[in-house]
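**Student:**
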Amino acid sequence: MKKTVWLLCFCFFIACLTFKSPVTYAKEGQVFTFVVDQPALLHFLKATSQEYTNAMKKGVTLAEFASRKGISESKLIHYFVIQQQKQMDLALKKGQIDQEMYKGLLIDMNNGISKTINYNPQAFK
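The numbering of the sequence shown is this note's numbering, which starts it at 1163 and goes up by one.
1) Examine the Cβ distances between the stretch 1211-1219 and the stretch 1240-1253 and report whether three or more of them are shorter than 8 angstroms.
2) Just how far apart, CA to CA, sit residue 1230 and residue 1267?
3) Starting from the Cα of residue 1157, find the closest Cα among 1242, 1192, 1228 and 1200 and give me that residue.
4) Within a Cβ cutoff of 8 angstroms, which residues of the same chain sit near residue 1228, ignoring the five residues on either side of it in sequence?
5) Would you kindly work out how many angstroms separate the C-alpha atoms of residue 1257 and residue 1197, rounded to a whole number?
6) Residue 1282 and residue 1232: beta carbons closer than 7 angstroms?
7) At the level of alpha carbons, what is the spacing between residue 1182 and residue 1240?
So, in structure tokens, the structure goes:
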């Protein structure tokens, strides 16, 4: 009986050590922040810095601004996806993020970009 109890305790201990949670978290210290290359964005939009600044001050979203410049929302999202993925690839290559975090960022990329380009900078003033 004692051997059976010890064997069960040992099996339980091993099971606890090898159990993997279905929830994954980024390793401590991993941070990814997409940095917009303003000159490249202005070139893509065929706009000057002053035009862009004035539009943002008036509460125009980036999607609206791009539309006025003849660029559809889907093309704008595609532009940001390419730019963000380049930065993510570099962060992965440098070891700043791991593969799990990379995949997690990819999953929510379009949603995050869509929220960003439709954000009204004057909404809370």
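All C-beta atoms in this analysis are idealised placements derived from N, C-alpha and C, irrespective of residue type, glycine included.
**Tutor:** In short:
1) No, they do not touch.
2) For residue 1230 and residue 1267, the distance between alpha carbons rounds to 30 angstroms.
3) Lying before the first or after the last residue shown, residue 1157 is absent from the chain, which here runs from 1163 to 1287.
4) Within the same chain, residue 1228 has close Cβ partners 1207, 1234, 1235, 1237, 1238 and 1279.
5) When rounded, the distance between both Cα atoms is 18 angstroms.
6) No, the pair does not count as a contact, with Cβ atoms beyond the cut-off.
7) Low confidence applies to residue 1182: its pLDDT is 47, below 50, so where it sits in the model is not reliable, and the reading given next is rough at best. Residue 1182 and residue 1240: Cα-Cα distance of roughly 36 angstroms.
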